[in-house]
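To start, the structure itself, in structure tokens.
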Amino acid sequence: MENVSWFERQASWFEVSRFGAMTLMMTFLSCFGSIGAMYSIENHFYLGLVVCAIVTMASNAAFIAQIPAKLCLIFFYVGLVLNAAVIVANIFME
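Numbering (full-length UniProt numbering), first residue to last: 1 to 94.
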């Protein structure tokens with residue numbers, strides 16, 4: 001049995017169903033980033049707004065540019081983690 005990491009399996013799945021996965025991931029991360037941006041605006045946390053906008057747009061740009069699958073996934077997961085961090089930070093700021 002081949003020892004393949006979780007990330008390698010994700011990258012191969014992404015490559016097989018690239019356009020469907022891109023659509024789902026772009027939509028999800030855009031909505032998730034919008035939630036973080038909304039909370040940041042409500043709490044006047046403009047650094048969080050900038051972070052949400054930059055990582056979400058960078059991930060979407062990576063998908064649209066059709067860069068290699070591993071880089072697309074890295075951009076997506078970084079965007080997910082940073083947007084989640086901004087949302088959690090905003091929850092504690094209320």
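Quick reminder that beta carbons are idealized off the backbone N, C-alpha and C, glycines included.
Note that the coordinates shown come from a computational prediction; the quantities given were computed from them, not determined experimentally.
For F63, the enclosing alpha helix (DSSP H) has its first and last residue at Y46 to A65.
In this structure, the straight-line span from the alpha carbon of G79 to that of A21 is close to 16 Å. Between the C-alpha atoms of E15 and Y77 there is a straight-line separation of about 16 Å. Assigned with DSSP and collapsed to three states, N83 falls in helix. Between S40 and G48, the C-beta gap is smaller than 7 Å, which places the two residues in contact. Going by beta carbons, L73 and T56 fall outside the 7 Å limit. The beta carbon of A37 lies closer than 6 Å to those of L49 and C52 in the same chain, with the five residues before and after it left out.
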